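See structure below.
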Amino acid sequence: MLEILDDDRMKCYMKNPEVKYNFKKKMINRNLRLAPEGKIVEVSEEELQQEQNATSQKNKRQQAKNDAMDFLLNNKTRQQQAPITDFKKDLEEIDKILDEALSDDDDEGDNEAIQNLMKNKSKLEEGHGSMDPKDLEHIQKYLSRNSRCPPLEILMLIPILYVASFALVLIPGFVPLNTFQNITKIEQPICAPVDHTVPGLPRFLIPSVISLFAFFIVKVKGDILVATFSALLLAFDPTFVGMMGQSPSASIMAFCVLLAYNITHNILLKDKVYGLSWFFNLLVGWFIIAFVPFFRPEGCGSLVGLYVSFLISCFSEIAKVFQSRVKMFVQLLKMIFVTYICGIPLFAFVLYLRNRNGYVAYNKRDFMFALFKNEIIERESWVIYVFIAIGLLFIKKAKYNYISMVPLIQFIVGTIASIFMPYESPGNTIPMKLFFIKLHLMLASSLILSKISNKIVQYGLPIGLILISGFFKLKSIAQYIIDHPEIGKELFKDLF
């Protein structure tokens, strides 16, 4: 034993990477090592030889993985059988997957497949070897985990949902497309209003928008995928289904909100959406969200939430270049340009178009608690309890960072702004506002669920809620038909 380090010196070495690196380098040159308890010990010749052998094996293993990756990239047959584009951008992710595969003892077949590929790398390089189909299947399974190209089965969901949305109108009592009823009245639980008030939105847009939602689910990934997936499940209550089924304007507005929010989240995650920089991602986000007020004012609260997220993101970019006043000034000019010079004229142009074409008018009305009380607290009180429970999960499982807290702030601000936004469109204002309030609440709630490590809670809670919501929906329809026999005869006349 040569020396014992005190706590202060140890912290110094741990905090300064350069000092720590030089310190370790000198110890290695002198055959010294740092023990876990903070002691510097001398390594024997036998231990040094074992360490060198382990390092050599590690280097060989890394070289084998690199050779395997080169083979996967250059083998034309492999690419034809299982085409995965953009390999070069994902080399680090693929390398990580192979690391996990080699260290995974649960699936011996997968490990054997990858190890067999590495053992025969020389034959493969010389063109004398061939890959077993089972090995190829195992490799493909690992590579498809983080592939940017979604599986064909998921892409096939889009046309399937497109066709299925047409078939839904044949189900008695399920969002008939030729009925206009006001869902603010509790005695009419079957139908939501068909969007006849907005010209230029024919019925075929309904399945188109549902297909866009399917594309959105395919596009996003990670926590945001879980959040969106859970949100859409949580959203299947009578109001939400009615709006999505019969109000194309609400569906398109919601899709624009989700897509713009997704861009802001990718900005936080430092992912370049559509290959654009941070600055151009802001422009794309503002361009998409600008179409929300083109239809109805009830979705304008989402703009406030998006603006808050953009603002935080902009200040974050400015803080990164805090040491350079010139770069800070440039980033500040970008923020001003996007927010004012670009954003405001874009909104003004959209409002000009909608006024010119005579779309839905903007009526000003103050917040009325009684209407929201009737819609939320009295009619759907169970939803309040769900959000309270999820709020408790947020307090209990509050392990969040900057990337996850900004979307939460965005959703909460969007919810508050949607409630108190003083503008509305004629008719069905409260249900339309409730649509976007739930959209924000469900995104925030499901983002909290995505941070829970327990998969049963993460996925089981949304699925349980959709079953409960469906039960209440069927119960309300059945009760309505019992109270109005003539309506029941009209709905089921084609079945008898």
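Mapped onto numbering that gives the first Met the number 0, the consecutive letters of the sequence shown carry residue numbers 0 to 495. We put the beta carbon where it would ideally sit given N, CA and C, even for glycine. Bear in mind the structure is a predicted one, so any value in this text is a computation, not a measurement.
Residue i to residue j span [Cα, whole Å]
i      : j      : result
Phe435 : Phe309 : 19 Å
Pro150 : Asn261 : At Pro150 the pLDDT is 48, less than 50, meaning the model places this residue with poor confidence; the figure from the coordinates comes in the next sentence. Distance between the alpha carbons of Pro150 and Asn261: 21 Å.
Ala443 : Arg364 : 27 Å
Asn362 : Phe294 : 13 Å
Phe290 : Ala477 : 38 Å
Asn280 : Thr263 : 8 Å
Tyr351 : Val412 : 27 Å
Ile480 : Phe470 : 15 Å
Glu186 : Val283 : With a pLDDT of 35 at Glu186, under the threshold of 50, the modelled position of this residue cannot be trusted; read the value that follows with caution. Between Glu186 and Val283, the C-alpha separation is close to 43 Å.
Met441 : Asp482 : 33 Å
Ile335 : Val329 : 10 Å
Asp7   : Ile389 : Only weak support exists for where Asp7 lies, its pLDDT of 49 falling under 50; the coordinates are left without a value.
Pro430 : Cys313 : 34 Å
Lys474 : Phe278 : 50 Å
Phe346 : Pro484 : 49 Å
Phe393 : Pro421 : 30 Å
Met252 : Leu332 : 30 Å
Thr414 : Val325 : 37 Å
Asn52  : Asn58  : 10 Å
Leu407 : Ser424 : 28 Å
Cys255 : Pro296 : 14 Å
Gln48  : Gln56  : 12 Å
Tyr384 : Leu391 : 11 Å
Phe386 : Glu50  : 55 Å
Thr54  : Leu257 : 48 Å
From the options, residue whose alpha carbon lies closest to that of residue i
i      : options                           : result
Phe348 : Phe314, Glu297, Pro292 and Ile311 : Pro292
Ser301 : Pro344, Leu392, Gln49 and Leu438  : Leu438
Gly298 : Gln48, Lys474, Lys432 and Leu258  : Lys432
Phe286 : Cys313, Phe314, Pro344 and Pro296 : Pro344
Lys395 : Phe254, Glu50, Ile447 and Tyr384  : Ile447
Phe410 : Lys59, Val307 and Met252          : Val307
Phe419 : Thr54, Phe368, Phe393 and Leu391  : Phe368
Ala416 : Tyr384, Val303, Leu391 and Phe386 : Val303
Inter-residue CB distance, residue i and residue j (contact presumed, cutoff 8 Å)
i      : j      : result
Ala259 : Leu305 : 6 Å
Arg405 : Ile288 : For clarity, residue 405 is Val in the given sequence; the question names Arg instead. Going by Cβ atoms, the distance from Val405 to Ile288 rounds to 16 Å, so no, they are not a contact pair.
Proximity test, Cβ basis, 8 Å: residue i and chain D
i      : result
Ile415 : The chain labelled as chain D is not found in the depicted structure, where only one protein chain is given.
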